[in-house]
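A.B. asks: This is the structure, below, for whatever I ask next.
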Amino acid sequence: MDLAPSPHAPTDRSRDLSQPLDRLGPDETLKADSDQLRGTIALSLLDRITGAVTESDTKLMKFQGIYQQDDRDLRDERRRQKLEPAYQFMVRVRLAGGVCTSEQWLTLDALAREHGGETLRITTRQTFQFHWVLKDSLRPLIQKLHTVLLDTVSACGDDARGVMCSVDPHLSAVHAEVYDLAKRASDHAIPRMRAYHEIWYGEERIAGSAPEEPFYGRTYMPRKFKIGFVIPPINDIDVYTQDLGFIAIAGPDGLEGFNVAIGGGMGRTDQAPATYPRLADVIGFIPKDQVLAVSDAVMAVQRDFGDRRDRARARFKYTVDDKGLDWIVREIEARQGFAFAPARPVAFTTNGDTFGWRQGEDGRHHYTLFVEAGRLDNRPGRPLLDGLREIARAHPGGFRLTPNQNLIIANVAARDRQLIDGLLEGFGLAELNVQSGLRRNAIACVALPTCGLAMAEAERYLPALLPQIDAILERHGLAEEPITLRISGCPNGCSRPYIAEIGLTGRAPGKYNLYLGGGFHGQRLNKMDLENVGEAAILARLDTVIAHYARERLDGERFGDFAIRAGYVPEVKAGRDFNT
Ligand code: SRM
Ligand code: SF4
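Positions 5 to 584 (my numbering) are the ones given, in order, by the sequence shown.
Structural data, given as structure tokens:
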């Protein structure tokens with residue numbers, strides 16, 4: 005298939021000319037003065053006196069997929085001992101659509117054992133994160149990733165992040181084609197970033213007169229920009245939370261094109277009403293060969309009109325609301341050179357995963373394994389990392405990471421199913437899939453102890469919280485009821501909690517906001533029901549609502565829909581109304 009040529013701007017659009025340089029935020033100046041993200045990172049890495057890098061290099065390294073963190077469990081003790089914080093780094097791999105070969109898996113596994121505290125984490129955007137990486141280990145880790153064609157370029161930072169895609173390109177021809185487009189969109193939107201090659205691979209700087217970043221210029225995007233591709237009826241990527249979402253439309257002869265959705269996002273700040281989660285608007289249909297042109301046009305509009313003064317309001321969703329949807333659509337159409345066709349009808353049924361074995365159109369088999377909160381490690385009686393290493397050694401078909409933090413052992417020939425089943429049994433992993441409806445649909449962000457922004461636990465609290473809610477559901481005869489629950493350690497919403505039927509966001513240690521009424525397949529924002537409360541209040545409230553739901557729900561009515569119909573929370577129609 006021929007893709008439309010890229011309308012990448014040939015000029016250095018390092019800033020929006022409507023926003024004078026002296027009024028730009030400090031991060032804009034940092035980017036502009038960073039020598040295309042080189043900063044002093046190479047020097048910081050050599051500094052033996054500290055386990056950290058400088059403050060400005062910390063920010064620039066994000067564009068290279070690396071976050072400086074410190075172990076927050078040790079923070080107070082180290083302060084008492086007058087030691088610097090236990091600095092370490094999170095390293096995020098760029099992995100479009102969560103597709104990973106068995107060879108890559110074995111390398112990731114070896115690196116996690118050597119440098120990453122013997123753990124890997126599947127993120128909510130279908131990639132791997134290493135935690136606990138020391139400064140000296142960064143280069144060896146990144147160089148080793150390079151040997152299996154993996155990198156961490158723009159996995160974080162003000163650029164196009166890892167592109168998501170409905171899981172498993174082997175399920176059908178449409179899945180394969182959509183994944184191929186997602187991968188191309190990811191490769192296309194990636195910053196050129198020579199700094200990465202120089203700093204991490206030790207390559208020489210190449211002198212040249214052409215701009216290093218023809219699209220991004222010197223100041224990249226105003227903020228992170230997230231793209232995702234989804235294949236109805238499964239909204240596994242939560243397409244309405246993406247800055248730019250492509251919703252696949254297939255006809256009798258295969259993939260025809262995409263409905264385009266713009267302006268989604270979750271992040272907000274408590275007590276800052278100008279910040280809010282927002283669901284993307286569907287603005288029309290495009291033929292499949294226009295994906296890159298649309299992606300360029302939408303990103304260019306945000307690049308040029310996004311707020312570069314106030315980072316709290318620099319995401320595309322605010323540009324859409326501030327400029328107005330009609331204005332934004334006209335601007336996108338002008339840049340891409342064609343108008344959107346009317347959107348086609350689509351129907352989603354769930355945003356969850358289907359567990360166990362499934363068979364693709366081509367007869368190959370795929371096994372989805374439940375991974376609680378995406379954490380891959382070895383625990384007594386549950387040697388997940390060891391078991392998956394053996395599976396990767398025995399099975400050449402590769403893996404898929406799901407946006408719900410689960411794992412697919414993909415592309416298995418019928419004759420090898422027994423082998424995989426045997427390994428899953430042997431390592432005690434088959435029983436991981438025996439979970440309640442709530443558990444199968446629960447997501448937690450990382451939060452403590454690595455996330456510097458966490459206000460409360462999430463991943464570490466989930467295993468203690470879920471049995472208590474399961475007990476309530478069981479008491480009311482709803483043990484198998486699929487209900488989406490998402491918990492984040494702060495309002496940034498990395499587990500996409502504002503579309504869950506039950507959402508929790510951390511306010512302080514042991515304290516959360518409770519949200520109810522999200523749409524089961526990610527189609528509606530929820531609404532705050534209780535503010536800044538502890539476990540007892542959360543469980544008591546859920547007991548009341550769940551008991552009522554068990555008594556009076558309509559046939560097939562979802563928990564989130566019921567919470568609104570029964571008047572526990574009002575329906576939120578637009579992101580702007582979320583805080584009112
Ligand atoms: Fe996130 C920041 C982890 C998906 C919204 N996120 C962070 C940082 C890097 C904290 C920081 O800035 O210091 C967290 C690192 C914690 C750690 O120790 O690993 C972090 N975010 C994650 C991950 C790992 C959560 C997880 O448990 O899987 C996810 C990695 C995704 C990936 O592979 O790229 C992750 N983050 C998300 C999502 C979900 C999504 O994209 O589908 C969101 C909500 C959607 C959105 O962007 O609106 C999300 N993360 C944020 C925000 C709020 C952004 C905003 O618009 O206000 C922040 C804070 C920020 O950027 O300032 C943040
Ligand atoms: Fe950290 Fe907050 Fe994201 Fe959780 S939601 S990973 S606590 S930034």
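From the three backbone atoms N, C-alpha and C, an ideal C-beta is built for every residue, glycine too.
(1) Classify Asp6 as helix, strand or coil using the three-state DSSP reduction.
(2) Less than 7 Å between C-beta atoms, sequence neighbours within five positions excluded: which residues of the same chain meet that for Leu482?
(3) Spatial neighbours of Pro14 within its chain, please: C-beta separation below 7 Å, excluding the five flanking residues on both sides.
(4) Here's the rule: buried if 16 or more other CB atoms are within 10 angstroms of the residue's CB, otherwise exposed. What is Asp163?
(5) List the DSSP bridge partners of Ile70.
(6) Report whether the distance from the Cβ of Asp51 to the nearest heavy atom of the ligand SRM is below 8 Å.
(7) Starting from Gln147 and walking both ways along the beta strand (DSSP E), at which residues does that stretch end?
(8) By DSSP, does Leu466 sit in helix, in strand, or in coil?
(9) Looking at the secondary structure, which residues open and close the alpha helix (DSSP H) in which Asp390 lies?
(10) Report the option in Tyr280, Leu296, Tyr183 whose CA atom is closest to the CA atom of Gly579.
(11) With a CB to CB cut of under 8 Å and the five nearest residues on each side skipped, what residues in its chain are close to Glu202?
(12) Taking 8 Å as the cut-off, is the beta-carbon of Ala458 closer than that to any non-hydrogen atom of the ligand SF4?
(13) Are the CB atoms of Gly526 and Asn355 nearer to each other than 9 Å?
(14) Could you check how far apart the C-beta atoms of Asp75 and Gln92 are, in whole angstroms? I think they sit under 8 Å.
(15) At what residues does the alpha helix (DSSP H) containing Gly426 begin and finish?
(16) Would you grab the beta carbon distance between Val576 and Leu529 for me? Rounded to a whole angstrom, and I think it's under 8 Å.
(17) Less than 8 Å between the CB atoms is what I'm expecting for Tyr244 and Gly221, so what's the real figure, rounded?
(18) Is the segment 110–123 touching the segment 178–192 in the sense that three or more CB pairs, one from each, lie closer than 8 Å?
(19) With a threshold of 8 Å, establish whether the CB of His525 neighbours any heavy atom of the ligand SRM.
(20) Can you tell me whether Asp37 is buried or exposed, with buried defined as 16 or more other CB within 10 angstroms of its CB?
(21) Within 10 angstroms of the Cβ of Glu435, are there 16 or more other Cβ atoms? Answer buried if so, exposed if not.
(22) Rounded to the nearest angstrom, what separates Pro226 and Leu185 at their Cα positions?
(23) Under the assumption that Met270 contacts Tyr502 (Cβ atoms under 8 Å), give the Cβ distance between them as a whole number of angstroms.
(24) Report the rounded CA-to-CA distance for Gln40 versus Arg125, giving the unit in angstroms.
(25) Just mark Val450 as buried or exposed, buried being the case when its beta carbon has 16 or more other beta carbons within 10 Å.
(26) Mind checking whether the beta-carbon of Ala414 lies closer than 8 Å to any heavy atom of the ligand SF4?
(27) Please work out which residues of its chain come closer than 6 Å, Cβ to Cβ, to Ala301, disregarding the five sequence neighbours upstream and downstream, and give them in chain order.
(28) Once DSSP output is grouped into helix, strand and coil, what is the label at Ser499?
(29) Can you tell me which of His480, Arg443, Leu457 puts its alpha carbon nearest to the alpha carbon of Pro471?
(30) Just how far apart, CA to CA, sit Gly514 and Arg464?
(31) Skipping 5 residues on each side, what residues in its chain have a beta carbon closer than 6 Å to that of Phe250?
(32) Are Ile53 and Val95 closer than 9 Å when you measure CB to CB?
(33) So which of Leu99, Gly161, Ala189 has the shortest CA-CA distance to Asp150?
(34) Taking buried to mean at least 16 other C-beta atoms within 10 Å of its own C-beta, is Pro349 buried or exposed?
(35) By the three-class DSSP mapping on this structure, what secondary structure does Gly221 have?
(36) DSSP state of Leu405, grouped into three classes?
C.D. replies: According to the structure shown:
(1) Stepping through the sequence shown from its first residue, residue 6 is reached at position 2. Below a pLDDT of 50, predicted positions are generally treated as unreliable, and Asp6, at 43, falls in that range; the measurement from the model is reported next regardless. Here Asp6 carries a coil assignment [DSSP, helix/strand/coil].
(2) One-based indexing of the sequence shown puts residue 482 at position 478. Contacts found: Ile550, Ala554.
(3) Locating residue 14 in the sequence shown gives position 10, counting from the first residue. Any answer about Pro14 is weak, because its pLDDT of 34 lies below 50 and its placement is not dependable; what the coordinates show is given next. Hits under 7 Å: Pro218.
(4) For the purposes of this step, residue 163 is taken as residue 159 along the sequence shown, with counting starting at 1. Result: buried.
(5) By one-based count along the sequence shown, residue 70 stands at place 66. Its beta-bridge partners are Val95.
(6) Walking along the sequence shown from the start, residue 51 turns up at place 47. No, the beta carbon of Asp51 sits no closer than 8 Å to any heavy atom of the ligand SRM.
(7) Looking up residue 147 in the sequence shown gives position 143. It is not in any beta strand (DSSP E) - Gln147 instead sits in the alpha helix (DSSP H) that spans 139–151.
(8) Here residue 466 refers to the residue found at position 462 of the sequence shown. DSSP places Leu466 in helix when its eight states are reduced to three.
(9) In the sequence shown, counting from the first residue as 1, residue 390 sits at position 386. 388–398 is the span of the alpha helix (DSSP H), which, as asked, contains Asp390.
(10) As a working note, residue 579 is residue 575 in the sequence shown. Considering only alpha carbons, the answer is Tyr280.
(11) The residue given as residue 202 occupies position 198 in the sequence shown. Closer than 8 Å at the Cβ level, and outside the excluded window around Glu202, lie Arg42, Ala46, Glu208, Arg209.
(12) Here residue 458 is taken as the residue at index 454 of the sequence shown, counted from 1. Correct: Ala458 has its Cβ closer than 8 Å to the ligand SF4.
(13) What you label residue 526 is simply residue 522 of the sequence shown in a count that begins at 1. What you label residue 355 is simply residue 351 of the sequence shown in a count that begins at 1. Yes, the Cβ-Cβ distance between Gly526 and Asn355 is below 9 Å.
(14) To locate residue 75, count along the sequence shown from 1; it is residue 71. To locate residue 92, count along the sequence shown from 1; it is residue 88. So it is a contact: roughly 7 Å between Cβ atoms.
(15) One-based indexing of the sequence shown puts residue 426 at position 422. For Gly426, the enclosing alpha helix (DSSP H) has its first and last residue at 421–430.
(16) By one-based count along the sequence shown, residue 576 stands at place 572. By one-based count along the sequence shown, residue 529 stands at place 525. With 8 Å as the limit, Val576 and Leu529 qualify as a contact, their Cβ atoms being about 4 Å apart.
(17) The residue you call residue 244 lines up with position 240 of the sequence shown. The residue you call residue 221 lines up with position 217 of the sequence shown. At roughly 29 Å, the Cβ-Cβ gap does not stay under 8 Å, so Tyr244 and Gly221 are not in contact.
(18) no
(19) As a working note, residue 525 is residue 521 in the sequence shown. His525 has its Cβ no nearer than 8 Å to any heavy atom of the ligand SRM.
(20) Your numbering for residue 37 matches position 33 in the sequence shown. By the 10 Å Cβ count, Asp37 comes out exposed.
(21) What you label residue 435 is simply residue 431 of the sequence shown in a count that begins at 1. Exposed.
(22) Looking up residue 226 in the sequence shown gives position 222. Looking up residue 185 in the sequence shown gives position 181. C-alpha separation (whole angstroms): 25 Å.
(23) Stepping through the sequence shown from its first residue, residue 270 is reached at position 266. Stepping through the sequence shown from its first residue, residue 502 is reached at position 498. That pair is a contact at about 5 Å.
(24) Residue mapping note: residue 40 aligns to position 36 of the sequence shown, counting from 1. Residue mapping note: residue 125 aligns to position 121 of the sequence shown, counting from 1. CA-CA distance, Gln40 to Arg125, rounds to 30 Å.
(25) In the sequence shown, counting from the first residue as 1, residue 450 sits at position 446. So Val450 counts as buried.
(26) As a working mapping, residue 414 is identified with position 410 in the sequence shown. Because no heavy atom of the ligand SF4 lies under 8 Å away, the Cβ of Ala414 does not count as near it: no.
(27) Counting from one through the sequence shown, the residue named residue 301 turns up at place 297. Cβ neighbours of Ala301 beyond the five flanking positions: Ile336, Arg339, Gln340.
(28) Counted from its first residue, the sequence shown places residue 499 at position 495. Here Ser499 sits in coil by DSSP.
(29) Within the sequence shown, numbered from 1, the residue matching residue 471 stands at position 467. Closest by alpha carbon: Arg443.
(30) What you label residue 514 is simply residue 510 of the sequence shown in a count that begins at 1. What you label residue 464 is simply residue 460 of the sequence shown in a count that begins at 1. Cα-Cα distance, rounded: 12 Å.
(31) Residue numbering aside, residue 250 sits at position 246 when the sequence shown is read from its first letter. The residues are Phe233, Phe262.
(32) The count along the sequence shown starts at 1 and reaches residue 53 at position 49. The count along the sequence shown starts at 1 and reaches residue 95 at position 91. Result no, Cβ atoms of Ile53 and Val95 do not sit closer than 9 Å.
(33) Stepping through the sequence shown from its first residue, residue 150 is reached at position 146. At residue 150 the sequence reads His, which differs from the Asp that was named. Cα-wise, what sits closest to His150 is Leu99.
(34) As a working mapping, residue 349 is identified with position 345 in the sequence shown. Exposed, because fewer than 16 other Cβ atoms sit within 10 Å of the Cβ of Pro349.
(35) If you number the sequence shown from 1, residue 221 lands on position 217. Correct three-state label for Gly221: coil.
(36) To locate residue 405, count along the sequence shown from 1; it is residue 401. Three-state result, Leu405: strand.
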